[in-house]
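Engineer: Numbering (my numbering), first residue to last: -9 to 115. We put the CB at the ideal spot given by N, CA and C, even for glycine. Note that the structure is predicted; figures quoted are calculated from it, not measured. Got a structure for you, questions after.
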Amino acid sequence: MRVKPAGAPAQPARADRAEMMSTNTLAARVAALRADPALGALHRSLAVYYGDCDREAAMDALYSRFLQPGALAFDIGAHVGDRTASFRRLGARVVALEPQPGPAGVLQRLFGDDPGVTLLQAAVA
């Protein structure tokens, strides 16, 4: 993931399924974040938004109606990235905007090596 300053044009890289991280890798990263005492304020969000296979399947079913592999999706107010994760499972490229430093750091740690995700630490007005 590339972090761009506010105002910089977003030009996400093309993402192929082969470039996406596995579900197991994402789960391991979420577990590491939940164990990090410095992220205590976000532990509940990580617990609520990750690890529920039925919830993930329902989100994927909903968004698959609108997104095809290779499509460009925007996650505005991405928080801890559960929708970003869904969009990536569907093969979409993602531009995720999150203005708060804590959640933006979580996004960086979860999707930092995913070339199909661009993070903008910015708010939309």
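Of the residues P89, P93 and V114, which one's Cα is nearest the Cα of H33?
Structural biologist: Locating residue 33 in the sequence shown gives position 43, where the first residue counts as 1. Comparing Cα positions, the closest option is P93.
Engineer: Starting from the C-beta of A23, find all residues in its chain whose C-beta is less than 7 Å away, skip the five residues before and the five after it, and write them out in chain order.
Structural biologist: By one-based count along the sequence shown, residue 23 stands at place 33. The sequence shown places Leu at residue 23, not Ala. Hits under 7 Å: L29, L36, V96 and R99.
Engineer: Are the CB atoms of A68 and A86 nearer to each other than 8 Å?
Structural biologist: Taking the first residue of the sequence shown as 1, we reach residue 68 at position 78. Taking the first residue of the sequence shown as 1, we reach residue 86 at position 96. It is a contact, given that the beta carbons lie within the stated cut-off.
Engineer: Along the beta strand (DSSP E) that carries V84, what are the first and last residues, could you check?
Structural biologist: Stepping through the sequence shown from its first residue, residue 84 is reached at position 94. Counting along the chain, the beta strand (DSSP E) containing V84 begins and ends at R83 to L87.
Engineer: Given a cut-off of 8 Å on the beta-carbon distance, is the pair T74 and F101 in contact?
Structural biologist: For the purposes of this step, residue 74 is taken as residue 84 along the sequence shown, with counting starting at 1. For the purposes of this step, residue 101 is taken as residue 111 along the sequence shown, with counting starting at 1. Yes, these two residues count as a Cβ contact at 8 Å.
Engineer: Exposed or buried, what is T108 when buried is set at 16 or more other beta-carbons lying within 10 Å of its beta-carbon?
Structural biologist: As a working note, residue 108 is residue 118 in the sequence shown. Per the 10 Å Cβ criterion, buried.
Engineer: List the whole-angstrom C-beta distance separating L80 from D50, where the pair is believed to meet the contact cut-off of C-beta under 8 Å.
Structural biologist: If you number the sequence shown from 1, residue 80 lands on position 90. If you number the sequence shown from 1, residue 50 lands on position 60. Between D50 and L80 the Cβ distance is about 6 Å, and since that is below 8 Å, they are a contact.
Engineer: So, with DSSP's three-state summary, where would you put A115?
Structural biologist: Indexing the sequence shown from 1 puts residue 115 at position 125. It is coil, neither helix nor strand.
Engineer: Write down the C-beta distance between P89 and A112 rounded to the nearest angstrom, noting that I regard them as a contact closer than 8 Å.
Structural biologist: The residue given as residue 89 occupies position 99 in the sequence shown. The residue given as residue 112 occupies position 122 in the sequence shown. Their Cβ separation, rounded to whole angstroms, is 6 Å, which keeps P89 and A112 in contact under 8 Å.
Engineer: Report yes if the CB atom of V84 is closer than 8 Å to the CB atom of D65, and no otherwise.
Structural biologist: Along the sequence shown, one-based indexing puts residue 84 at 94. Along the sequence shown, one-based indexing puts residue 65 at 75. The Cβ-Cβ distance between V84 and D65 falls below 8 Å.
Engineer: So, is V70 buried or exposed, given that buried needs 16 or more other C-beta atoms within 10 angstroms?
Structural biologist: Counting from one through the sequence shown, the residue named residue 70 turns up at place 80. Around the CB of V70, 16 or more other CB atoms lie within 10 Å, so the residue is classed as buried.
Engineer: How many whole angstroms separate the CB atoms of E46 and S76, which I take to be in contact at a CB cut-off of 8 Å?
Structural biologist: If you number the sequence shown from 1, residue 46 lands on position 56. If you number the sequence shown from 1, residue 76 lands on position 86. Correct: roughly 7 Å between the Cβ atoms.
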